[in-house]
Amino acid sequence: MFLFVSGVVLLLVAVGGVVVALIRPTRRLAALGTAVVAGLLGVGAITSQTFYSQDSGEASVLVDVSGTIAGQETTPGFHGKAPWQTVKTFNIRNQTVSFVGDGGTDYSGGSAAGPQVTAQDSDGVSSDIDVNIVYSIAPEKVTEIYRQYRDESNFVQQFVVQQIRSVTRAVPNQFSTLDLITKRTEVSAALRTALESAWRGTGVQVDQVNLQEIRPPKAVSESYSAAQQALVQVQAEKAKLEATKVSAQQQVVQAQAQAEANAELAKGLTPSVLQSRYIDALKSIGAQGNVIVVPQGSTPFVQVQQK
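Its first residue numbered 24, the sequence shown is counted upward by one per residue in the numbering used here.
Below is the structure:
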């Protein structure tokens, strides 16, 4: 608006120079020079206020000097406007809001950063949560957003940041302390669902939810760690017991197999078979040059060496 007013003033100066050149011939040259310079500057100033460029990833709202919304533009390139209109630009690319640790508050365009969010779970335990949210705004909603918040900075601070903090505090109340620690995927999904519900119809879209870290009180963390170690030990002992059982079962199976084999062998040792093996044994001994004398009715063997 300032350049437009300056341009009008410069054009008036140019007109004045022409008038002076006409009525004061002696100063014609100087007056005409002043008129030309002022005219060029005035036209340039006014022209600069009638065109503007818009990058890809931006959407603009045109506002009259009275504050009335004159329209919006969502396509990139050069566009025309009335000199008295102001262009309010919004970034429609992906923007990031991060709440991490003890970080300080920072706003940069549509992005923001701040300290961790402290939330209470269903067991009444408070934990510190680091979260990173990526969002974007629908181009066709920039006029509505401008109407409520007037500029991008107010929109981020008063709406986006407040909504993310509020939802991040509320969602953990759906989970127990143990679930909050161990079911990170479920907590992240619940956080996304809650944000999408809160932003439905506002033109703000949830693009990504990164639940970076959940830090319960130190006592809770230590108890959980001890429980995990105990669980690991129990599992190890169970594994050992199972191995012992398997070994014992293998020994029983082997013993049963041996017993069954012996029983089958015993079944086959009939008197005739025993007599046959007895004769075979005597033949084998005799084949080596030995003579075995077995008195009739006597059990012992008497071995006589043949000379």
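For each residue, glycine too, the CB sits at the ideal point set by N, CA and C.
Treat the numbers as computed from the prediction; the structure is a model and nothing was measured.
- By the beta-carbon neighbour count (other beta carbons within 10 angstroms, threshold 16), aspartate 146 is exposed.
- Annotated as distal: glutamine 108 and valine 157, with beta-carbon spacing of 8 Å or more.
- Its chain contains Ser145 as the residues whose beta carbon lies nearer than 6 Å to that of asparagine 196, once the 5 sequence neighbours on both sides are disregarded; these appear in chain order.
- Rounded to the nearest angstrom, the Cβ distance from phenylalanine 74 to glycine 103 is 6 Å, consistent with a contact under 8 Å.
- When Cβ pairs closer than 8 Å are counted between the two stretches, the segment 168–180 is seen to touch the segment 112–128, the count reaching three or more.
- Listed in chain order, the non-local C-beta contacts of phenylalanine 182 below 7 Å within the same chain comprise Tyr172, local neighbours out to five positions each way being set aside.
- Assigned with DSSP and collapsed to three states, alanine 135 falls in strand.
- Going by C-alpha positions, valine 148 is about 42 Å away from glycine 80.
- Aspartate 202 sits in a helix when the DSSP states are folded into three classes.
- With a 10 Å radius around the Cβ and a threshold of 16 neighbouring Cβ atoms, proline 239 comes out buried.
- Distance from the CA of glycine 133 to the CA of proline 106, rounded to the nearest whole angstrom, comes to 27 Å.
- Between the alpha carbons of valine 86 and glutamine 95 lies a distance of about 9 Å.
- Taking 8 Å as the cut-off, the Cβ atoms of valine 210 and leucine 218 do not count as close.
- The beta carbon of aspartate 153 sits closer than 7 Å to those of Phe122, Val123, Gly124, Gln139, Gln235 and Glu236, all from its chain and outside the five residues before and after it, given in chain order.
- With fewer than 16 neighbouring CB atoms inside 10 Å of its own CB, threonine 208 falls in the exposed class.
- Under the criterion of beta carbons closer than 8 Å, glycine 137 and valine 179 do not qualify as touching, at roughly 11 Å.
- Counting along the chain, the unbroken alpha helix (DSSP H) around alanine 221 starts and ends at 207–222.
- With contacts defined by Cβ atoms closer than 8 Å, proline 48 and glutamine 77 do not form a contacting pair.
- In the three-state scheme derived from DSSP, where H, G and I count as helix and E and B as strand, aspartate 303 is classed as helix.
- Bounds of any beta strand (DSSP E) do not take in serine 79, whose DSSP letter is neither H nor E.
- Counted as a single uninterrupted DSSP element, the alpha helix (DSSP H) harbouring serine 189 occupies residues 184–193.
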